[in-house]
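Peer 1:
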Amino acid sequence: MRMILVAALSCALMGCAGRSPQLVPVVQATDQHLSCEMIMAEVKINNDKISELSGEEGKKVAQNVAAGVVGLVVWPMWFAMDFQDAAGKEGKALMQRNEYLATLANQRCAAQPQTTSSVKKR
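In terms of the numbering used here, the sequence shown opens at residue 3 and continues consecutively.
Take a look at the structure:
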């Protein structure tokens with residue numbers, strides 16, 4: 003009976019181990035229609051998401067350390083460790099996307115003439 007309980011607990015903890023990474027593609031089909039303002043807005047959104055993911059990554063490291071230490075006494079806790087590094091992989095994909103967007107911005111925004119509204123005084 004005790005072995006069944008330990009097996010059930012181990013299976014339940016494996017579900018908490020982490021999530022699968024959801025990687026953003028570097029090049030997207032809608033990129034050809036992006037204006038300079040849209041590119042800059044997406045870069046800002048990506049930077050905000052990277053900041054969130056770095057916080058999540060730090061929490062996962064702390065969780066893995068805690069599970070590893072507790073696992074020395076209660077071995078099924080080792081199943082609670084997250085080895086998928088979803089936050090790290092997603093952050094890297096967003097950084098690669100931002101690099102591509104920077105290249106795109108250099109091509110498109112530099113090619114556009116700068117319009118300034120100047121009023122002539124008489």
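For each residue, glycine too, the CB sits at the ideal point set by N, CA and C. Bear in mind the structure is a predicted one, so any value in this text is a computation, not a measurement.
Which one of A89, L36, Q98 and N100 has the shortest CA to CA distance from C111?
Peer 2: L36
Peer 1: Rounded to whole angstroms, what is the Cα-Cα separation between K62 and G20?
Peer 2: 9 Å
Peer 1: Can you give the Cα-Cα distance for G70 and W80, rounded to whole angstroms?
Peer 2: Whole-angstrom Cα-Cα distance: 6 Å.
Peer 1: Can you name the start and end residues of the alpha helix (DSSP H) that A64 belongs to?
Peer 2: C38 to G73
Peer 1: How many Å lie between M42 and A82 at the Cα?
Peer 2: 39 Å
Peer 1: Please check the pair L106 and D33, which I expect to be a contact at CB under 8 Å, by giving their CB distance rounded to whole angstroms.
Peer 2: Contact flag correct, Cβ pair sits at about 7 Å.
Peer 1: Could you check how far apart the C-beta atoms of C90 and I52 are, in whole angstroms? I think they sit under 8 Å.
Peer 2: Residue identity check: residue 90 is Gly in the sequence provided, not Cys. The C-beta separation of G90 from I52 comes to about 11 Å, leaving the pair out of contact by the 8 Å criterion.
Peer 1: L103: buried (16+ other C-beta within 10 angstroms of its C-beta) or exposed?
Peer 2: By the 10 Å Cβ count, L103 comes out buried.
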